[in-house]
Every structure is written in structure tokens, then in C-alpha cells.
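Protein sequence lines, in the order shown, are assigned to chains B and C.
So the first sequence is numbered by numbering that gives the first Met the number 0: it starts at 0 and just counts up by one.
So the second sequence is numbered by numbering that gives the first Met the number 0: it starts at 0 and just counts up by one.
C-beta atoms are modelled at their ideal positions from N, C-alpha and C, and glycine is treated no differently.
Please read these numbers as outputs of a predicted model, since none were measured by experiment.
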Amino acid sequence: MADLEGVNGQREEFKVVGKPNLPGRLSYSLATGIAKFGADYVFPDMLHAKFLRSPYANAMVKSVDVAAAKKVPGVVDILTWEDEDLINFGRAGGASKKPPTGGGMGGQQSAFVDQIADMEDDEVAVIVVAETEEACDEGLKALNPQWEVRPHVVDILEGRKPDAPVIRENPRGKGNVTVVTNNRGDVEAGFKEADQIIEYDFNMPAFCGHVPNPYASVAYWYHDPLQSTEQQSLRIEGPVWTASGGKDSVGRMYGLPSEMVKQESLFQGGKYCDWGLRKVQQITPLLSRRTGRPVRMAITRKEMYDFNMNQRFTHMKVGFKNNGLITAIEDFSIADAGVPPVSTLGTSGDQGYGPYFTTRCLNIKQTMEVVNSNRGKMYTSGQHCPFNWDALTMALHIIADKLNKDPIEIATLNLHGPTDYTDPNPVPSYEACVKEGKKLMNWNWHATGAKKLPDGRMHGAAFRYQMCPRHSFSSYNSKLELRNGKVHMPTQGPCTGIYAVEGNAMVVAEELGLRYEDISIDFDPMEVFAPVGGGSDGTTASAWVTKECANLLKKQILEAAVKNAENPPAQGGFGGFGGGKAPAPSPLKGCKAEDLDIKDGKVYVKSDPGRSVPLARAVGQAHLFATFSGRPPTALWATGMGRYLDTMNIAMCEVAVDTETGQVEIVRFGVVADPGKVIRLTSLESQIDQVMDFSAGCQLQEDYFYDKNTGVKLNANMLDYKKVSMLDMPRVDKQFLETRAGNAAYGANGISHSLANTHLVICAIYNAIGKWVDPPATPDKVLKALGKA
Amino acid sequence: MKAFNHTNAKTLAEARTALAGGKATLIAGGTDLIGTLKDNILPTYPESLVNIKTIPDLDYIKEEGGMLKIGAATRLADIAANPVVKEKYTALAQAALRVATPHIRDMGTIGGNIAQLHRCWYFRKPENRFPCIRKGGDRCFAMMGDNRYHSIFGAVERCIAVHPSDTAPALIALNAKIVTNKRTVEAEAFFDVKVPGNTVLAADEIITAIQVPTPPAGAKSAFLKFAIRKSIDFPIVNCAVLVAGGAPRICLNAVAPKPYRATKAEAAIAGKPINAENAEAAGAAAVADARPLTATKYKVQIAKTLVKRALLATV
């Protein structure tokens, strides 16, 4: 058990934590449509605004006819790149000359917005503000923008070539390419040590996140003399929660302290770790300040087809001994840098904590060409599961195929021990997952192309492992309150679809001996506590902090109960006026705080449980607060993912391949996950479903298509971009283990994206037909691999 | 989306008068039309939409006079669920059931399904980004671009976009007729490649009914659709067959700018028992004239397979 530094980390009896189907505090609002997202806010006298967006993949707007646009009925204001407000935008208080970056971004921008569009639909420094969205559109048309169309790169294999047009400045690289490396050991020596060497290509398509609610923002300024008599306060709706705090990061752009920025909406929309603020969410306060009216700006879905996974091409060279033990790994990849601001977590960031570090292999060489392109943007994403993870999964399957062995056997041979790559011991969590996984799937390995189903389709199966992420780089400030006998958990939320707030409330209930429904979750946008910071891993980390806080509150409760038992308030009226009568002695009278505990909503005497008092009566009128600031004890990401193995998970799948049509059906996924300790079971199950949805989509259906001549996207809509439908989702069998080996509350780790995979299905297809097909394995590719197209 | 006027027509004459001005467009289910308006894909935009669902007697399914009669405004969901259609006109019921999604089938009509515009991501790119020949332009952008979903039987009027209807091949296989306010047209002759339409309909012509002759006793029909997704998607290829006596009718769609009657396949299997070998031969014959692009070769294999499997599904 890893939660050794916290209170009750060793708890063995759970009445609330781990229970399924406890309702989400905001589920009713979501299910009934009451929930208001950024796009839903409408204020009186509100204006609308739109950026001029590029119809070209790479272009510079040279001129616009502002005078003509101003004549359009309903147009109120127009900003261009010559406008001082826009030139200086983002330099908070005018003091900072540092250009703003979006929350959680690894990339840099030269300016908030300028005349250059780096991709189709990219915003340039022209904004029309009008009475209606239609008037905005008419105003944009009347501007008659003149564009200088520049060469584009939407094929990164072309863009990396020395003679490719250079699409933007690249001070750290050459042409469009920046090279990053990450090496360990001596890869050449490793290849010499090998009995066999395999080489293969591992390619990944880009994948769209599809935030369900395209972002919108509305803002206005108002006087709040209690905050400031000189500066106006800002009301803004729509900025999503980010690593730097959503509304507050917008407020900082306008030189405002947190107290002067108010946001009411809790609802962020479900998302796949896309925490990046969009320009429309940052600019509305400026437009409101200029016009003196509320201003709303929204993004269409077409304008928000941002990547959740960048395109990458990888050539792998792997050396191994005849028993399957890997001795050398050489990974050369070409990754899409996309359009700034872009997260490096999808490119070079993968190198530091990739899959190879989970193996015993001493010799690893990673070289990545990160290629600037005009394809699209990728905000913070995917960091819990480096998307090159399955480069190793594929190696394990190829080695197994060559040695005619089960890939699980090869994986087990190569996985290093719990502490590092020199540790010869097995990883208990992995061993347990494999054991249960084999039972769950009735795992019966067969050689490539060896099994035909009764309906004539070919059967294939595959396996992969991953590690459950732990999270401890974020600090949390938890606060709990007991008033009128009820426990309150004040929080700013937000609601991001992961039910982190509810998970924390369950921990409070557990620690205080109460029911889940006894904990009042009080949403207050001005509160500090936000149990986010990633997905489930952030939830378990914040739950650790909340657990500590709950125990501080519990201490106060028991002390108050003792005090109340010794000096009970008079009953029946105001004692000082003779109307009261002496209360009956409390069953807790004579006890010390350490003699007491709380169970089933009652404070009781541990040595004599029959002596108990309901919590509300036990504490009387006590009004108690507890706060705790901190983080769980260890940080995996500080040591590097893959170098330390505690809680693991595995996934398996079976496919059926129709060799006449090229259609692949995922018959079922099987998942055995050990998150250490399950906090909120329903969230865990949903997380697995979500990542398997991702996995099915990116391996069978989803990809971006561009017109090579113009560089524009051809399928930025829900018909042509083939997101999986519910009917396309296979059965997902799940089983959860609790080894309590994580670092957060009760030994929990997260699950996050760790089960999201890009090649599990691809490996199963190979097992079925003996051909490697790049994802997405669409019928055209499968038939081509089979020589039928 | 730009504003437009919306009027509820009470009679066909009223709707026809509105169309005659050239600035109105008919709307029934609207599941294709509203998307084209929202994305502003065409160079022109109607001033008004004329709702024909308010015209009496355009929503019915009945058998009379030796044929199945379906009102043009009959919803696809009703056709898919109708027991008579399911039993005797199986291919049509199956085709209607495979259109899009339950929501769209609850809104979309049979008339709209056969009159919908073609699928081509250049043609459908918002804001008329690619003014192609089907919009009065001078070129087919797909020809030199990404055409993986396009025709395997060449171009018509220099357009290689495909007709996407699921019900169209079923109607052609079942030898249906399309009735308008002006005339009655064989289903096979109903489809055309125009700017920007997909039918032979004149500007003021309105589909009023579909007539499907009752197949002879013992006849069987089937429809198969191949798409990336099990729901929502338009077909990569679909296929309908009618096996009645010794003269089967076979029609493919999504393989050409118009539904493709696979006459060579019909000839290959005519008078022969439907078994795996003969069905395979018919499948091969169906694509004998295919001239796929590099990116559409896979559709030939799928079309061949679908013809074979649709024939075997009638056995």
C-alpha cells in the first residue's frame, strides 16, 4: 500500500468509496438540459462578434475594406491588425510584453493574433462586432479581404523534405523540421547483442477530440465598488477550466485579480484533456470594453476540429534474443508539429516517458523530426498515454509471431520489475491483471491466420499492457465545513465530465462515517478548491488531499462533541429567561475525543458503540472549518513514466476480418485494470468505455483528409469524419483489481487515458490476416493489403 | 445560417406556383436541404422554403391496382416498418431501414431521399469553397483531389460524385415509377446529372408518389449496404436485387453519379439457379465495366461482393 503518509491510507472497510451508481451532483442538470454551457449565455443588449477566418491553409490577409463593412446595418465595431487594442492585447495591464500562451500549452505564439493564418479557419487580426451573428457575417463579407496565399504543408512527409517550402520561422530547427532525441545506453551494442533484428513502420493518424460543446464566451464589465472604485470587474462565461485556472487566466490578461473575475457556469463539456483556451474565450472582454455592452463570440464545430492526437510516422528497429528478450530499440519518427499553440505532449513530450522504459532493454535511441505544418492545432492532450505506446505493443507481437509464441509471454519476459529496469522481480499488479485477463477473454492464443470463424471471417486477437498514471504535481486546497450539523464541501467545480467532485465527496463521507448524500457539495465559482488536474489521476490526487482535510474536520467534530456533551445547551427555550430545562445527559458525557468515532451518521463511543448521538445533535451549534493544502507523496512524472511500475492495466481484443470487403469488426474488448483502489466505480467504468471508443475510432475509422492542392480539410463535419457511433462500439468487458499500490487516496492511482490505444486492434488484424494495416484500418487499406484493391 | 421565409403549402398548385418564381425551394423532411443551407454550399440561396408536408394526401402507403403506392411525403421510418412493404417489397423496406439514423428516418421522406443532392466533399464544402461543375464552375475538384469515395464507373458530365440514396437502387430493382405533378417516370430514368440537381425534375415539378408493381408470387428481393459505420453513414456501395422468375434486376448505388443498373450481372445470372458460384459470376459481371480511380479500386471489390451476397440473400 502506497498511501503510507496519509491518514487512513490503510483503510480496509469501505462503505461509500467504490460504490457504483451514486448520482452525479449535476447529472439532473445535464440530463434535463438545465445545464448552461458557455454558448448558452445570453445577456440583455448583447452584441456578437466574429473573427475573420482564413479559407486558405496558409495565407496573410493584406487588406480589408473597413469602410464598406461599417456601412453594413448592425455592424457596431471593427478591429484590425492596425488597431492598438489588438496590437497590445494580452499584455496584461500594459506592463508585460510577453505574448500570452493558452493554458497548458507547450508552444509559443508570436502574437495573440496577427495577419497570418496558419491553417484553414485560423483567426486573423480582424474582428467584426455587430448586433447579430448574421450582421457579423455580412460585415465580414463586406470587408472583401484580400489574401496573399502562401505555400502550405499538410503532408508532413513532404514538408520534412529539404526543398519543401518553409511555412513559418523555425529558430530551433531547419526548414520545417526540429529534431529531438532521447537516448539511453548504446543502441549499436544492443543490436550486436541481438540474435534477430526486426524493422517495421508504426504509423498513427491524427485524431479529433470533439469537445461536445464547441466553445463560446460572453463577457461584460461592471462596477463593483466593494472590489475596486477605480477598476471595473469582469463577468465572463465560457472560459474552460485550464491548468492555470480558466477565468482567472483570462482575467490576468486584463490585469485583474481573481476576485474581480466572475464566472457562474460550472459546465465545461466532456473533453479528452483538451484544456486549451481558444481565442474567442479570451477576446470578448476586450470587445465588451470597447463597446460598453456584453459581447458574445462562439466557435462552430467546423472551426474546432482540433487534434487530440497528432499524426506520426515511425520507423522502428528492434533487436532481440532468441528467447524474445529485447536488447535494443531504435525509434525514428516524424511527427506533426501542427499549428501553434500546440502541445509538445503529443510530440517530443512522448519521448521522456514512453513505453520503452517499461522494459528491461538497456539500449534505447529515440529520434524525432517534428515537422511544422498547416494541418491543425493540438492543445494539451494525451499525456497520460504517450501515443507511441503501441510502437512497443507492435514489437511484442512481431517478436511473438517470429518465435511462434504468445505475445503475453514476450511482454512478461520484457517487462522490468517494480522499481526500475534492473529490477528482476515481477510486477504484482501486472501479474494479477494478466491472470484475470486470460480468464476474462478465455485467452487461447493462435498463430497468425490460423482461425476462421463459422461465417467465413478471419479471427484475430491481441494484447497490450499499460501503467495506470499517478498524479502528484498539482497541489489542491481542500476546505470542508460543518454547519447546522451538516457537512459541506465548497468547490468551484467544474463539471468536466469526470465527476471528480463526487469522488471527493465520497471520500469525505467515508472518512466521516456518513453517507454520500449526507455531504452537501456547494458549488461556488469564487471557491478555490477544484478537484481537477487531469482526469481520474487528478481526481485520486485531489481525493488524497480531501481525505486529509476530512480527518482534520473529524478531529474538530469529535472535540466539539465532547465539549457539547459536557456543556449541553438548555432545551425548550431561552435558559436565561427561565423557560429552559436541563437537558438529559449526553451518552458521550465523560468521553475524550480520542474515545469517540463516527459511524452511520452517529458519533459513538468506540468502547461502547451503544452509546451514540446523531452527528447534528452531537455537535450542537458548532460551526467548524477544516482546510488542507498539499499533494500526494510521490510524483511519477518527476521520475519519468515507465521507470517505476506500481499499478498496471491490460487490454485485449478480438476482431473478425471480412476478407471479401475489407471490413473489420471488433468483436469485443477486454480490460483488466488495477487503479490501486476504485474511488468512483461508475466514473471508472465510463472512462474505460471512453478510451475504448477512442481506440475503436482511431484504429478503424477516424482520420483527417485534406485537399492536397489547397490544404483545406475535406471532412471537418460529423458525417465525413467517422466518429464511432454507438452501434460501432463492441462489447467492452471490464474487470477491476485493487492492489492498493498507488500513491493517492487509499493507494489509488488514476486510469485516465492509459488504456487508449492506437494499435491493439491493428495487432489483432495482423493476427487474423497476416498483414499489417496502418490505422485507421478502413476497407480500402485492408483490401489493398490483401491484394484485392 | 441565413434567414428565409417559410410557407406551408396547402395544395400542389400552391407549391408549384411558389416554385415557378425561381426563388423558392421545396422542403419535406429537410434532412438534406437544411444541411446544404446551413453550410451555404450552393452559389444561390432560396428566399423561401415551401413546406409540402402540409399538403393533404402525400403521406400514405397502400396496395391497389396491382401495385404499392407510396405518397412522396411518406416518412422513411414508416416505409421500413410497414408489414406489407417488408413482406412483398423487402428490398425497399430494408433500404429505408438503413438510411442514416432513426431520427433522420423519422423526418426524412421517400421523395426527399431520391431527390437529395449527391455526396462529394468538394461539392459539399461549406461556403461554396469549391465552385465545381455541378455549381456552374469549370472543373471537378475531386478528379485531381481526394476521390476515395467517388465513382468507379467514370464521370457523367465531367462529375465523378456519387448518388448516395439507399432507396433509389431498391426502387429501380423493383421496377418502380416516380409520379410527379406533371408525369410518370420510370425510376431508372428519373436520375440525372444537372446543375445542381440529381433528377430529371423540372424547376416547378413536384414528386407526388412512388408506384411499385407487386412482384410476382415467389419473387424475392434484398438490399445490402456497405458503409464505414453501422449508423449515420451514406453508402460506400449499396445494392438491391429482385429475383422474379428467371429475370433478376440488380441495381448498385454510390458507385456512379447515377444509380447503376447492373445489366451484365442480370444477364450473367438470368435463368440460372442462385447459388454461390453463379452469384459470384454475377458479381464479377456487375463490375466488368468498372473504370475505378486509383483510390476507388477497393469499391470494385466491395460492389462485386455485395452483388453476390444480395443475390444469395434471396435464396
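Residues of chain C with CB under 7 Å from phenylalanine 693(B), in chain order?
The residue you call residue 693(B) lines up with position 694 of the first sequence. The contacting residues do not exist; phenylalanine 693(B) stays about 16 Å from chain C at best.
Confirm the yes/no value for this check: CB of leucine 311(C), any heavy atom of the ligand MG, distance under 7 Å.
Questions concerning the ligand MG fall outside what the structure shown contains, since it holds no ligand whatsoever.
Taking just the CA atoms, how far does asparagine 443(B) sit from lysine 601(B)?
Here residue 601(B) refers to the residue found at position 602 of the first sequence. Here residue 443(B) refers to the residue found at position 444 of the first sequence. Between lysine 601(B) and asparagine 443(B), the C-alpha separation is close to 53 Å.
Just checking my contact of alanine 285(C) with alanine 255(C) at CB under 8 Å: how many whole Å lie between their CB atoms?
Mapped onto the second sequence, residue 285(C) falls at position 286. Mapped onto the second sequence, residue 255(C) falls at position 256. Contact doesn't hold; Cβ gap of about 12 Å is too wide.
Per DSSP, phenylalanine 319(B) forms a beta bridge with which residues?
For the purposes of this step, residue 319(B) is taken as residue 320 along the first sequence, with counting starting at 1. Looking at the DSSP assignment, phenylalanine 319(B) forms a beta bridge with Gln195(B), Ile325(B).
Which of helix, strand or coil does DSSP assign to tyrosine 515(B)?
In the first sequence, residue 515(B) corresponds to position 516, counting from 1. In the structure shown, tyrosine 515(B) sits in a helix (DSSP, three-state: H, G or I).
Are the segment 220-227 of chain C and the segment 113-131 of chain C touching by the rule of at least three beta carbon pairs closer than 8 Å?
Not touching, per the Cβ criterion.
Mind checking if threonine 660(B) is an interface residue toward chain C, Cβ cutoff 8 Å exclusive?
As a working note, residue 660(B) is residue 661 in the first sequence. Chain C contact via Cβ: present.
Identify whether glycine 37(B) lies in helix, strand or coil by the three-state DSSP scheme.
The residue given as residue 37(B) occupies position 38 in the first sequence. Looking at glycine 37(B) - three-state DSSP - the assignment turns out to be helix.
Is it the case that the segment 148-165 of chain B contacts the segment 280-300 of chain B, given that we only count it when at least three CB pairs across the two stretches are under 8 Å?
Touching, no, given that fewer than three Cβ pairs across the two stretches are closer than 8 Å.
Going along the chain, which unbroken runs of the beta strand (DSSP E) with 3 or more residues stay wholly within the segment 232-289 of chain C?
Complete beta strand (DSSP E) runs here, min 3: 236-242, 248-252.
State yes or no: is the beta carbon of serine 150(C) nearer than 8 Å to at least one beta carbon in chain B?
The residue given as residue 150(C) occupies position 151 in the second sequence. It does not: the Cβ of serine 150(C) has no partner Cβ on chain B nearer than 8 Å.
Based on DSSP bridge pairs, tell me the residues matched to arginine 118(C).
In the second sequence, the residue the question calls residue 118(C) occupies position 119. Val161(C), per the DSSP bridge assignment.
Considering only DSSP beta bridges, list what glutamine 465(B) is partnered with.
Taking the first sequence and counting its residues from 1, the one referred to as residue 465(B) is at position 466. Note: glutamine 465(B) sits in a beta bridge opposite Asn648(B).
First and last residue of the alpha helix (DSSP H) that includes alanine 105(C)?
The residue given as residue 105(C) occupies position 106 in the second sequence. The question names alanine, but residue 105(C) in the sequence shown is aspartate. Where aspartate 105(C) is concerned, the enclosing alpha helix (DSSP H) stretches over 101-106.
Determine, for proline 143(C), whether the minimum Cβ-Cβ distance to residues of chain B falls below 8 Å.
Residue 143(C) sits at position 144 when you count from the first residue of the second sequence. According to the sequence shown, residue 143(C) is methionine rather than proline. Closer than 8 Å to some Cβ of chain B, the Cβ of methionine 143(C) qualifies, so yes.
Under 8 Å, do serine 287(B) and alanine 336(B) count as touching if we go by C-beta distance?
To locate residue 287(B), count along the first sequence from 1; it is residue 288. To locate residue 336(B), count along the first sequence from 1; it is residue 337. For serine 287(B) and alanine 336(B), no; Cβs fall outside 8 Å.
Please check if any C-beta of chain B sits within less than 8 Å of the C-beta of isoleucine 227(C).
Taking the second sequence and counting its residues from 1, one reaches residue 227(C) at position 228. True, the Cβ-Cβ gap to chain B drops below 8 Å.
Taking only the alpha-carbon atoms, compute the straight-line gap between threonine 166(C) and arginine 182(C) and give it to the nearest angstrom.
The sequence position of residue 166(C) within the second sequence is 167, counting from 1. The sequence position of residue 182(C) within the second sequence is 183, counting from 1. Cα to Cα, threonine 166(C) sits roughly 21 Å from arginine 182(C).
Measure the beta-carbon distance from alanine 542(B) to leucine 511(B) and round it to whole angstroms, keeping in mind my assumption that it falls under 8 Å.
Mapped onto the first sequence, residue 542(B) falls at position 543. Mapped onto the first sequence, residue 511(B) falls at position 512. Rounded, the Cβ-Cβ distance is 14 Å, inconsistent with contact.
According to DSSP, is proline 98(B) part of a helix, a strand, or is it coil?
On the first sequence, position 99 is the one that residue 98(B) refers to. Any answer about proline 98(B) is weak, because its pLDDT of 39 lies below 50 and its placement is not dependable; what the coordinates show is given next. Residue state, collapsed to three classes: coil.
Which residue wins for smallest C-alpha separation from aspartate 422(B), given the options Met466(B), Arg642(B), Lys316(B), Met647(B)?
For the purposes of this step, residue 422(B) is taken as residue 423 along the first sequence, with counting starting at 1. Closest by alpha carbon: Arg642(B).
May I ask you to report which of helix, strand or coil DSSP gives valine 772(B)?
As a working note, residue 772(B) is residue 773 in the first sequence. Three-state result, valine 772(B): coil.
Which one of Pro453(B), Arg739(B), Pro774(B), Ala559(B) has the shortest CA to CA distance from asparagine 756(B)?
What you label residue 756(B) is simply residue 757 of the first sequence in a count that begins at 1. Nearest C-alpha to asparagine 756(B): Pro774(B).
Say whether the segment 62-81 of chain B touches the segment 127-134 of chain B, bearing in mind that this needs 3 or more beta-carbon pairs closer than 8 Å, one atom from each stretch.
Yes, since at least three Cβ pairs between the segment 62-81 of chain B and the segment 127-134 of chain B fall closer than 8 Å, the two stretches touch.
Opposite cysteine 207(B) in the DSSP bridges: which residues?
Here the question's residue 207(B) lines up with position 208 in the first sequence. The partner list for cysteine 207(B) (beta bridge, DSSP) reads Phe306(B).
Terminal residues of the continuous beta strand (DSSP E) containing threonine 183(C)?
If you number the second sequence from 1, residue 183(C) lands on position 184. 183-185 is the extent of the beta strand (DSSP E) around threonine 183(C).
Using 8 Å as the cut-off, can you tell me whether the segment 25-34 of chain B makes contact with the segment 45-63 of chain B, which would need three or more C-beta pairs spanning the two stretches below that distance?
As far as the Cβ criterion goes, the segment 25-34 of chain B does not touch the segment 45-63 of chain B, which means the pair count is below three.
Report, in whole angstroms, the separation of the C-beta atoms of aspartate 305(B) and glycine 208(B), which I expect to be a contact under 8 Å.
Along the first sequence, read from residue 1 onward, the residue named residue 305(B) stands at position 306. Along the first sequence, read from residue 1 onward, the residue named residue 208(B) stands at position 209. Sure, about 6 Å apart at Cβ, within 8 Å.
Quick test of your reading: valine 670(B) and valine 781(B), contact by CB under 8 Å. State the CB separation rounded to the nearest angstrom.
For the purposes of this step, residue 670(B) is taken as the residue at position 671 of the first sequence. For the purposes of this step, residue 781(B) is taken as the residue at position 782 of the first sequence. Not quite, the Cβ-Cβ distance comes to about 25 Å (not below 8 Å), so this is no contact.
With respect to the alpha helix (DSSP H) encompassing tryptophan 543(B), which residues constitute its N-terminal and C-terminal limits?
For the purposes of this step, residue 543(B) is taken as residue 544 along the first sequence, with counting starting at 1. Counting along the chain, the alpha helix (DSSP H) containing tryptophan 543(B) begins and ends at 535-565.
So, valine 317(B) versus alanine 394(B), is the Cβ gap smaller than 8 Å?
Position 318 of the first sequence holds residue 317(B). Position 395 of the first sequence holds residue 394(B). Cβ atoms of valine 317(B) and alanine 394(B): closer than 8 Å.
Considering only residues of the same chain and omitting the five flanking positions on each side of serine 95(B), which have a CB-CB separation below 8 Å?
Within the first sequence, numbered from 1, the residue matching residue 95(B) stands at position 96. Legend: pLDDT at serine 95(B) = 35, less than 50; position of this residue unreliable, value from coordinates given subsequently. Same-chain partners within the cutoff: there are none.
Residue ranges of each beta strand (DSSP E) run of no fewer than 3 residues wholly in the segment 251-299 of chain B, ordered along the chain?
Those beta strand (DSSP E) runs which fall completely within the segment 251-299 of chain B and span 3+ residues are 294-297.
What residues in the segment 726-740 of chain B bring their beta carbon closer than 8 Å to a beta carbon of chain C?
The residues in question are Leu726, Asp727.
Which residues share a DSSP beta bridge with isoleucine 126(B)?
Here residue 126(B) refers to the residue found at position 127 of the first sequence. BP columns for isoleucine 126(B) point to Phe50(B), Leu78(B).
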